[in-house]
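The numbering of the sequence shown is this note's numbering, which starts it at 24 and goes up by one. Cβ atoms here follow ideal geometry from the backbone N, Cα and C, with glycine treated the same way. The block underneath contains the structure these notes are about, expressed in structure tokens.
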Amino acid sequence: MYGDPIIAIATPVGKGAIGIVRVSGMNLEPWVRQWCGRSLLPRQAHLVRIKNQGEVVDEVLALYFPHPASYTGEDVLEIHGHGGPLVLKKIIEIGFSVAQRQNAEGHELLPNLRMARPGEFTERAFLNEKMDLLQAEAVSEMIDANTELALRCARRTMDGVYSKHIQSLLDLLVDLRVWVESSIDFPEEEIERLYEPELLAKFAQLKNKLADILRQTQTGALIKEGVRMVIAGQPNVGKSSLINALVGQEVAIVSAIPGTTRDALHEVINLEGIQLHITDTAGLRTHSDDPIETIGMRKTRERIGLADIIVWVRDLTRLNDQEYGQLDAELKASFPVNIPILEVWNKIDVVPAPGLGTLHISAQNHLGLEAFKRQLLSMVGFAGTPQEGMFLAQTRHLVALQKVENHLVIGKQHFGHKNLELVAEELRLAQNQLSEITGEFNSDQLLGEIFSRFCIGK
Numbered sequence: 024m025y026g027d028p029i030i031a032i033a034t035p036v037g038k039g040a041i042g043i044v045r046v047s048g049m050n051l052e053p054w055v056r057q058w059c060g061r062s063l064l065p066r067q068a069h070l071v072r073i074k075n076q077g078e079v080v081d082e083v084l085a086l087y088f089p090h091p092a093s094y095t096g097e098d099v100l101e102i103h104g105h106g107g108p109l110v111l112k113k114i115i116e117i118g119f120s121v122a123q124r125q126n127a128e129g130h131e132l133l134p135n136l137r138m139a140r141p142g143e144f145t146e147r148a149f150l151n152e153k154m155d156l157l158q159a160e161a162v163s164e165m166i167d168a169n170t171e172l173a174l175r176c177a178r179r180t181m182d183g184v185y186s187k188h189i190q191s192l193l194d195l196l197v198d199l200r201v202w203v204e205s206s207i208d209f210p211e212e213e214i215e216r217l218y219e220p221e222l223l224a225k226f227a228q229l230k231n232k233l234a235d236i237l238r239q240t241q242t243g244a245l246i247k248e249g250v251r252m253v254i255a256g257q258p259n260v261g262k263s264s265l266i267n268a269l270v271g272q273e274v275a276i277v278s279a280i281p282g283t284t285r286d287a288l289h290e291v292i293n294l295e296g297i298q299l300h301i302t303d304t305a306g307l308r309t310h311s312d313d314p315i316e317t318i319g320m321r322k323t324r325e326r327i328g329l330a331d332i333i334v335w336v337r338d339l340t341r342l343n344d345q346e347y348g349q350l351d352a353e354l355k356a357s358f359p360v361n362i363p364i365l366e367v368w369n370k371i372d373v374v375p376a377p378g379l380g381t382l383h384i385s386a387q388n389h390l391g392l393e394a395f396k397r398q399l400l401s402m403v404g405f406a407g408t409p410q411e412g413m414f415l416a417q418t419r420h421l422v423a424l425q426k427v428e429n430h431l432v433i434g435k436q437h438f439g440h441k442n443l444e445l446v447a448e449e450l451r452l453a454q455n456q457l458s459e460i461t462g463e464f465n466s467d468q469l470l471g472e473i474f475s476r477f478c479i480g481k
């Protein structure tokens, strides 16, 4: 249960030069003294011999962090020993054995010591208000970061950059709620009245701030999640050549025979710090007598339905082929309307590009790829945003902010009809959505804001 002291190996499974055993709980000092054979000064490394029945098991460095100045907000002990799995297992066994020893009062030194659950140390840091939920999530994101940009953004989120943005939005929302709810609950008080221009100005300020944070959150989610891109088109338009050009090596078979690509091919590349999950698919046409190709086309449509963006490759050598153009239009019109489509004309190495106002490339000769990449990033919401101040975000943050936006729109409509009670309710629901992001704000804090501004009880 929560509150029990916990212990776990904090380094990856397997052999290594150093392994770390971490412990968190309250009143660890008597147990630490027995386990390490000496008292430990706070936040200083001590050379300690861990013994089992007088025999030295390992010579380690021990660091003790008394609460509240620790990662979890509880007493924390870290044992840095040799990184063999058997050594670390033995150290933990000795820790459990020492925990069962009795003190002078006849009680166990550290009752209820147990193995930690996944993520429990960081969970306790959050519950003990050492960090908010955004910062706690960023701990995992730092570990899982696959690009340098994702790592830097995760670090900024841990430092509270994103939390400050959300808090600034929350401050504006609370200010608006204070005035609306005060006018409802305390109309007899001599307080400044709500005038429509003033409240509309507050709504506008809140809306602008939310729009700014939404844009940054979309970029942050993009950095974390990456982009699922599906390359699609009719047979022999150069889809496989394009994925080869993007990856930088021949990962797909290129052939003039229609239907060469039968199954989806997946590759991942790093594009300006964004992970691009590329799927090369079988060429699409209305019908094929080849059952294997038919299965491939069905899988292509399945992949398209899961994409963040579709790259629709067209063959410039068939520009004036009416049948080809008509089928192209029919196929493209059958795609989900909510998925953006980047149309690109291929084979400018064979036919000079006309002035069509669209992208022109040669996947074979790697011509026009830089313009293609820039357009691709722009369409998914990453248009060279300055890296300073960027942070990492998750889809759940984006969904919550979109719900906040919806509540503000509805609240403003209610205000236009003079329904302040309904305005207040929409603002409360908007605040709840922000609370889901950080896990910090509650109604008691709102009440404190009201009492600090007005002499309610005079």
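Sort out for me which residues DSSP pairs residue i with in a bridge.
i      : result
LEU84  : LEU70, HIS103
SER47  : ILE29, VAL99
ARG61  : ARG61 pairs with nothing; no bridge assigned.
ASP6   : Look at the range of the chain in this structure, 24 to 481, and you will see that residue 6 is not part of it.
ARG137 : ILE29
ARG251 : HIS300
LEU382 : VAL367
GLU295 : Per DSSP, none; premise fails for GLU295.
GLU131 : GLN125
PHE288 : As written in the sequence, residue 288 is Leu, which differs from the Phe given in the question. LEU288 is bridged to ASP303.
GLY42  : GLY104
GLU78  : ASN75
ILE333 : VAL253, ILE364
Please name the residue in the options whose C-alpha comes closest to that of residue i.
i      : options                        : result
ALA139 : ILE32, LEU443, LEU100, GLU428  : ILE32
ASP351 : VAL83, GLU366, LEU294          : GLU366
LYS38  : PRO108, PRO28, LEU64           : PRO108
SER458 : MET402, ALA423, ASN429         : ALA423
HIS90  : SER47, PHE144, LEU294, ARG124  : SER47
HIS383 : VAL373, GLU97, ASN369, ASN455  : ASN369
ALA40  : LEU354, ASN50, ARG56, GLY104   : GLY104
ASN388 : ASN267, ILE332, VAL184         : ASN267
HIS289 : GLY296, GLU295, LEU265         : LEU265
MET49  : ASN135, VAL373, LYS112         : ASN135
VAL270 : ARG251, VAL291, GLU353, VAL253 : VAL291
PHE358 : GLU82, ALA127, VAL99, TRP335   : TRP335
LEU354 : GLN398, ILE333, LEU111, LEU443 : ILE333
ILE364 : ARG238, VAL374, ARG337         : ARG337
GLU204 : ALA376, GLU152, LEU445, GLU346 : LEU445
ILE115 : GLU152, ARG45, LEU156, MET252  : ARG45
PRO65  : ASP81, THR34, VAL99            : VAL99
GLU428 : ALA447, LEU443, ASN442, ALA453 : ALA453
For the alpha helix (DSSP H) that residue i lies in, which residues bound it at each end?
i      : result
SER163 : 156-167
SER263 : 262-270
ALA177 : 171-181
ARG124 : Unbroken run through ARG124: none, as it is neither H nor E.
LEU354 : 345-356
GLU393 : 392-402
GLU146 : 143-150
How far does the beta strand (DSSP E) with residue i in it extend, from its first residue to its last?
i      : result
HIS440 : No beta strand (DSSP E) holds HIS440; DSSP gives it neither H nor E.
Between residue i and the rest of its own chain, which residues show a CB-CB distance below 6 Å, the 5 nearest in sequence each way excluded?
i      : result
CYS524 : Coverage of the chain is limited to positions 24 through 481, which leaves residue 524 absent and any answer about it impossible.
MET413 : CYS176
ASN75  : ILE117
THR418 : ALA244
ALA386 : GLY261, SER264, LEU265, ALA268, ASN369
GLU449 : HIS430, ILE433, GLY434
PRO28  : GLY48, LEU133, LEU136
ILE460 : ILE189, HIS420, ALA423
PHE474 : Only weak support exists for where PHE474 lies, its pLDDT of 32 falling under 50; the value from the coordinates is given anyway. There are no such residues.
GLU213 : For GLU213, the pLDDT reaches just 47, beneath the cut-off of 50, and the residue's location in the model is therefore unreliable, although a value from the coordinates is still provided. Answer for GLU213: no residue qualifies.
LEU174 : ALA168
Leaving aside the five residues before and after residue i along the sequence, list all residues of the same chain whose C-beta is less than 7 Å from its C-beta, in chain order.
i      : result
ALA161 : ALA177, THR180, MET181, LEU415
SER278 : Note that SER278 scores 42 on pLDDT, short of 50, meaning its location in the model is unreliable; the coordinates nonetheless yield the value given after this. No residues qualify anywhere along the chain.
ALA148 : TYR94, THR95, GLY96, MET154, ALA159
GLY328 : PRO359
GLN390 : Checking the displayed sequence, the identity of residue 390 turns out to be Leu instead of Gln. Around LEU390: ILE371, ASP372, ILE384.
PRO53  : ASN126, LEU132
THR242 : GLY404, PHE405, THR408, MET413
PHE144 : ARG45, SER47, TYR94, THR95
Sorted by chain position, which residues of the same chain lie with C-beta nearer than 8 Å to residue i's C-beta, five sequence neighbours on each side aside?
i      : result
HIS440 : none
VAL36  : PRO108
VAL79  : ARG72, ILE73
When you compare the region 430-448 with the region 255-262, are there three or more beta-carbon pairs, one atom per stretch, that lie closer than 8 Å? no
Can you find at least 3 beta carbon pairs, one from the region 392-399 and one from the region 218-238, that sit closer than 8 Å? no
With three or more beta-carbon pairs closer than 8 Å as the criterion, would you say the region 185-203 touches the region 322-330? no
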